[in-house]
Amino acid sequence: MTVDAILFPSADAPPNGNAKPAPAEAAALLADFVEVLIPGEGDWPSAATVGVQAMLATRLFEDLGRGHFARLATAIIAAGGPFAGRSEEERVAIVQRFEATEPALFGWVRDAAYIAYYENPFVGAVINAQGHPYDVRPHLKGYPLAPFDVERQTPRHGRGHFIATADVRRVDTSTLDLETERTQAWGLKR
Amino acid sequence: MTKNEPCDVLIIGAGATGSLAATVLARAGLDVLCLEQGDWVEPGDHPHYSADWTWQRRTNWNSDVNKRHHPDDYPVVSDSSQVLMWNGVGGSTNVYGAIWPRYRPSDFRKQDEHGLQPNWPIAYEDVAPFYEAADRMIGVSGLAGDTAMPPREKPPTRPLPFTRAAGRLAQAFDKLDWHWWPAEAGVISENYDGRPACNGCGICNGCPRGSMSKYSLSIWPKALAAGARLRTHARVLRIEKGLDGRATGALFLDRNTGITEFQPARLVIVAANGVGTPRLLLASDNLANQSDQVGRNLLHHTLVSSEMWVEESIDSHMGYVASLISREFAETDTSRGFVNGFNFNCLTSTSSAGEVAAGWITETKAPWGRDHHRWFERHFGHCIGIHAIGDDLPNPENRVSLDPSITDKDGIPVAWLHYQPGENDKRMMNYMLDRLVDIAEAAGAFEYKLQDYRDKDGVYRTPAWHMIGTCRMGGDPETSVVNKWNQSWDVPNLFIVDGSVLATGGVVNPTPTISALALRAATYIRDNFRELSGTTRSAAA
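From first to last, the protein sequence lines are chains H and U. Mapping of the first sequence onto our numbering: position 124 corresponds to residue 124, and the numbering continues sequentially without gaps. Mapping of the second sequence onto our numbering: position 59 corresponds to residue 59, and the numbering continues sequentially without gaps.
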C-alpha cells in the first residue's frame with residue numbers, strides 16, 4: 001500500500017500537491033499535534049511523551065475509519081502544517097486554524113486525545129503526586145471510604161413533607177394558562 | 001418452523017422485570033421459559049477492568065443504542081431523544097446507575113390533583129409492600145426516616161459512604177433551608193446475598209462485581225435455581241393470538257441457528273422495556289391496542305443538569321455516583337407557574353480524569369495548550385454534578401411507532417421514537433435551572449455550568465434512560481392498555497410488566513417502581529394462574 005493510500009484513501013489527490021508525508025512523517029505529524037494540545041509542564045509529561053498519538057491513531061482507525069485519519073492529516077496540513085521546524089507560536093496558530101475550520105473533527109480528536117492521555121499510568125502517577133488517590137483502573141481495588149455513620153450522619157434538619165393519598169386535593173390551575181400561553185424562551189436560551 | 005412443547009408462562013425479555021417475574025412464577029412450580037434476544041453479559045465483558053474504560057463507555061459500551069454497534073441491539077430511530085438501553089440478560093441494569101428512590105403517594109393521584117394526568121387504578125399503598133419485597137430481593141442501600149416520604153422499612157443495607165461531595169451539598173441545602181437526604185441506591189453498602197459491598201470505584205455504569213444490582217447477578221440466579229428456563233439469542237418476532245382472543249405464544253428467531261420457532265404458552269408476559277414492548281405489540285398485528293394507546297404517551301421525565309466546582313478539594317471522583325437526593329420541590333406548587341414537581345439527584349463527579357478534561361454532563365472541557373494542566377488541577381477533584389428530574393405531562397404524540405416500510409434484518413419494522421417537551425415541562429425546566437444556580441451559589445462554587453440538553457437547533461435531546469408510559473396502566477380500557485394487575489384489557493392472558501405501564505413518571509428514577517410493580521403482577525399471576533390460563537376476559541379495573 002502506498003503512503004497516499006494510507007493517508008488519503010478517499011481522495012483523488014492529497015489536499016495540496018506537495019503534501020505526501022511518509023508513514024513515519026505522518027506519525028510525527030500526529031505526535032506534534034498532540035504535543036500542542038497537551039504540552040508537558042512541571043511534572044506533567046506531554047501527550048507525545050506518553051504516546052497519545054499512537055492511541056489516537058488506533059482509535060481513529062477503529063471508530064471513525066481510515067478515511068478520517070486522512071481527513072485529520074488533510075485538515076492539519078490545510079491549516080498550515082506540518083509542525084516540524086515551526087515555533088511554538090506558529091504551532092499553536094496551526095491548531096487554532098484547524099479548530100476553526102473543522103470544529104467537529106477537531107472536537108472528536110481533542111476529546112480522544114484527552115481521554116487517552118489520562119488513561120496513561122504515568123499521568124495517573126502525577127495526579128497521585130498532587131495528593132489525589134486516583135487510580136486509572138479504580139474498579140480493581142476501589143477507593144477506601146469510611147462507612148456511613150448512622151449516628152453521626154443521619155440528617156437532623158426535619159425538613160420535607162409529602163401529601164398522603166387521602167390528602168391529595170385539587171389545585172387551582174386556572175392562573176397557569178397552560179393551554180394558551182407558550183414559553184418561547186426556555187433552557188439556556190433565555 | 002419448529003413448534004416447541006407448550007410452557008405455562010412465556011416471558012419475553014430477560015431484563016429487570018422479566019427476571020423478577022420468572023423468579024416468582026418458577027418458585028410457584030410453574031413451567032417458565034424466558035426468551036431474550038441478547039446474550040449474557042459476563043463480568044469480564046464489562047469495561048471496568050480495563051484502563052480504557054472511559055473510552056469504552058463512549059464507544060462499544062455506550063448506553064445509547066445508536067452510538068454503539070452491538071449485534072444484540074435493534075434499530076431505534078429517534079428525532080430527539082438519546083435512546084439508552086441494553087439488550088441482554090439483565091437488560092439495562094448492565095449499564096444503569098441504580099439510583100433508587102420511590103414514587104410518592106400523589107404520583108398516583110394526578111387526575112385528582114390537577115386533571116392533566118390520569119390517576120393510576122392503584123394507590124401508593126398497593127405498591128408499598130412490593131417496594132419492600134423488591135428491595136430485599138434486589139439488595140439496596142438507604143436510610144429510613146425521611147419525612148419527605150411515607151414511612152418505610154429499614155433498607156437491607158445502610159447508606160453508601162457519605163462523601164465529601166455529599167457533605168458540601170448538605171451544607172448548601174441547609175443554607176437554602178431545603179430538604180436533603182442520603183441517596184437511596186440499588187447498590188449494597190455491605191456484603192449481602194452472596195454479593196460484595198460496593199468498593200466505591202465510581203464507575204457506575206453497571207457493575208460487574210454485582211455490588212450494584214445487575215439483575216443477571218442478583219435475580220437471575222434465583223430464577224434459574226427455581227427452575228425457570230432462559231434462552232438467549234432468541235429474538236421474538238411476533239406474539240400470536242387465537243380465535244378466542246387469547247395469546248397462543250410467540251414466534252421467535254434463534255439467532256444462533258437462524259431457525260424460526262414457535263413457542264406455545266398458556267400465558268405470555270412481555271418485559272421488553274418502554275420501546276421494545278410497544279414495538280412488539282404493534283408488530284404483532286396491533287395486538288392489545290383497541291385503545292390506540294400502545295406506544296403513546298412516552299415519558300422521559302423533564303431533565304436538566306449542572307456541574308459546579310468548589311475551592312475545597314473533595315476528591316469527588318471517589319465513591320458511588322449519587323450522593324444526596326433533595327425532595328424540596330417534589331410536590332405541586334402552582335405558584336411556581338406549573339404543575340407537578342421535581343427532585344434533585346445529586347451526584348459526586350465522574351470517576352474518570354479523562355472525562356473531567358473531555359467533558360462530563362455539561363460538556364465543560366479543559367482548554368488545550370499551555371493552560372491545560374492549570375485548568376485540570378483546578379477542576380479535578382473539585383466537581384459536583386446534579387440532575388434535576390421532574391414529572392413530565394403525557395402527550396399522545398410523544399410516542400413509539402413503527403416505520404411503515406423499513407424493517408430490521410429479521411423483518412421486524414424499525415421503531416421510531418418522538419419526544420418533545422410540552423408547555424408545562426418547559427416552564428418546569430426553566431425553574432429547575434434557576435434552582436440549580438441557587439445551589440451552586442449556596443455551595444460557594446467558583447464556577448458552575450448548566451445543561452439543558454438542547455442541541456444547536458434547539459431540539460431537546462435528553463439522555464432517555466427512562467422510557468415509560470407507552471402501554472400505560474389505567475382504570476378504563478378506552479384510555480389505557482393494561483389494568484391494575486398489568487393485564488392487557490384486550491388479551492386476557494397477556495401481561496406487560498416493564499416500565500411501559502407507568503401511567504405517570506413521578507419525579508424519580510423508575511426502576512424501583514417498575515420492579516415493585518413487576519413483583520406485584522407476578523404475584524397476582526401466581527395466585528390466579530389456574531383461572532388466567534383459561535379465561536377469555538380480563539379482570540375488571
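Don't be surprised by glycine CBs; every beta carbon is placed ideally from N, CA and C. Every value quoted in this text rests on a predicted model; they were computed, and no experiment measured them.
query                                                                                                                                                                                           : result
In three-state terms, what does DSSP make of H/Met55?                                                                                                                                           : helix
Quick check: what's the CA-CA separation for U/Leu280 versus H/His161?                                                                                                                          : 41 Å
Helix, strand or coil for H/Ser10, going by three-state DSSP, please let me know.                                                                                                               : Any reading at H/Ser10 must be qualified, since the residue scores a pLDDT of 46, below 50, and its modelled position is unreliable; no value is offered.
Determine the direct distance from the alpha carbon of U/Ala522 to that of U/Lys554, and round the result to whole angstroms.                                                                   : There is no way to answer for residue 554 of chain U, as the model of chain U reaches only from 1 to 541.
Residues of the stretch 110-131 of chain U with a CB closer than 7 Å to any CB of chain H: list them in chain order, please.                                                                    : Asp112, Glu113, His114, Ala123, Tyr124 and Glu125
Excluding the 5 residues flanking H/Thr2 on each side, which residues of the same chain have their C-beta closer than 7 Å to its C-beta?                                                        : A caution first: H/Thr2 carries a pLDDT of 37, below 50, which makes its placement in the model too unreliable to give a value.
By the DSSP assignment, the beta strand (DSSP E) with U/Asn430 in it spans what residues?                                                                                                       : No beta strand (DSSP E) holds U/Asn430; the alpha helix (DSSP H) holding it covers Glu423 to Ala442.
Whose CA, out of U/Asn60, U/Gly97, U/His48 and U/Ser50, lies closest to the CA of U/Pro463?                                                                                                     : U/Gly97
For U/Thr163, does the count of other Cβ atoms within 10 angstroms reach 16, so buried, or fall short, so exposed?                                                                              : buried
Helix, strand or coil for U/Phe376 per DSSP?                                                                                                                                                    : helix
To the nearest angstrom, how far is the alpha carbon of U/Leu217 from that of U/Asn62?                                                                                                          : 21 Å
Relative to the alpha-carbon of U/Lys110, which residue among U/Tyr124, U/Pro101 and U/Trp489 has its alpha-carbon at the smallest distance?                                                    : U/Tyr124
Determine the direct distance from the alpha carbon of H/Leu29 to that of H/Leu60, and round the result to whole angstroms.                                                                     : 14 Å
Going along the stretch 316-350 of chain U in order, which residues come within less than 8 Å of chain H, judged by CB to CB distance?                                                          : His317, Met318, Gly319, Arg327, Glu328, Ala330, Glu331, Thr332, Thr334, Gly337, Phe338 and Val339
Taking three-plus beta-carbon pairs below 8 Å as touching, is the stretch 303-318 of chain U in contact with the stretch 333-353 of chain U?                                                    : yes
Going by DSSP in three states, U/Leu532 sits in which element: helix, strand or coil?                                                                                                           : helix
To be precise: take each residue of the stretch 67-97 of chain U, compare its Cβ to all Cβ atoms of chain H, and keep it if any distance is under 8 Å. Which residues remain?                   : none
Considering only residues of the same chain and omitting the five flanking positions on each side of H/Ala13, which have a CB-CB separation below 7 Å?                                          : Unreliable placement is indicated for H/Ala13, whose pLDDT of 42 sits below 50; no coordinate value is reported for it.
How would you write the range of the alpha helix (DSSP H) that H/Leu29 sits in, first residue to last?                                                                                          : Pro23 to Leu37
Please determine, among H/His68, H/Thr175, H/Ser87 and H/Gly40, the residue with the shortest C-alpha to C-alpha distance to H/Tyr117.                                                          : H/Gly40
Please report the residue range of the beta strand (DSSP E) in which U/His418 lies.                                                                                                             : Pro413 to His418
Suppose contacts are defined by Cβ-Cβ distances below 7 Å. Is U/Leu324 in contact with U/Ala166 by that definition?                                                                             : yes
Could you tell me whether any Cβ in chain H is nearer than 7 Å to the Cβ of U/Ser211?                                                                                                           : no
So, for U/Thr364: in the same chain, excluding its five sequence neighbours on each side, which residues have a beta-carbon less than 7 Å away from its beta-carbon?                            : Glu307 and Lys449
For the stretch 232-265 of chain U, which segments carrying the beta strand (DSSP E) assignment without a break, of at least 3 residues, lie completely within its bounds, in sequence order?   : 234-241 and 247-254
To the nearest angstrom, how far is it from the Cα of U/Ala134 to the Cα of U/Ser515?                                                                                                           : 7 Å
Give the residues of chain H in contact with U/His379, contact being defined as C-beta atoms less than 8 Å apart.                                                                               : None at all; the shortest Cβ gap to chain H is about 12 Å.
What is the residue span of the beta strand (DSSP E) that U/Trp309 lies within?                                                                                                                 : Thr302 to Trp309
Please go through the same chain and pick out, in chain order, the residues whose beta-carbon is closer than 8 Å to the beta-carbon of U/Ser189, but skip the five residues on each side of it. : Ser141, Thr157, Arg158, Pro159, Leu160, Pro161, Ala197 and Cys198
Among all the DSSP beta bridges, which residues are the ones paired with U/Asn119?                                                                                                              : U/Arg109
Please classify H/Ala11: is it buried, with 16 or more other beta-carbons within 10 angstroms of its beta-carbon, or exposed?                                                                   : Interpretation of H/Ala11 is limited by its pLDDT of 41, a score under 50 that renders its predicted location unreliable; the figure taken from the coordinates is listed afterwards. Answer is exposed; the Cβ neighbour count stays below 16.
Just to confirm my understanding: we take U/Thr535, look at its own chain, exclude 5 residues before and 5 after, and list those with CB closer than 7 Å. What are they?                        : Pro492
Is H/Asp4 helix, strand or coil when you go by DSSP?                                                                                                                                            : With a pLDDT of 43 at H/Asp4, under the threshold of 50, the modelled position of this residue cannot be trusted, and the question is left open.
Between U/Glu423 and chain H, is the shortest Cβ-Cβ distance under 7 Å, so that the two count as touching?                                                                                      : yes
Could you name the residues of the same chain whose beta carbon sits closer than 8 Å to that of U/Glu331, not counting the 5 residues immediately before and after it, in chain order?          : Arg104, Ser106 and Gly341
Looking at the structure shown, is U/Gly390 part of a helix, part of a strand, or coil, going by DSSP?                                                                                          : strand
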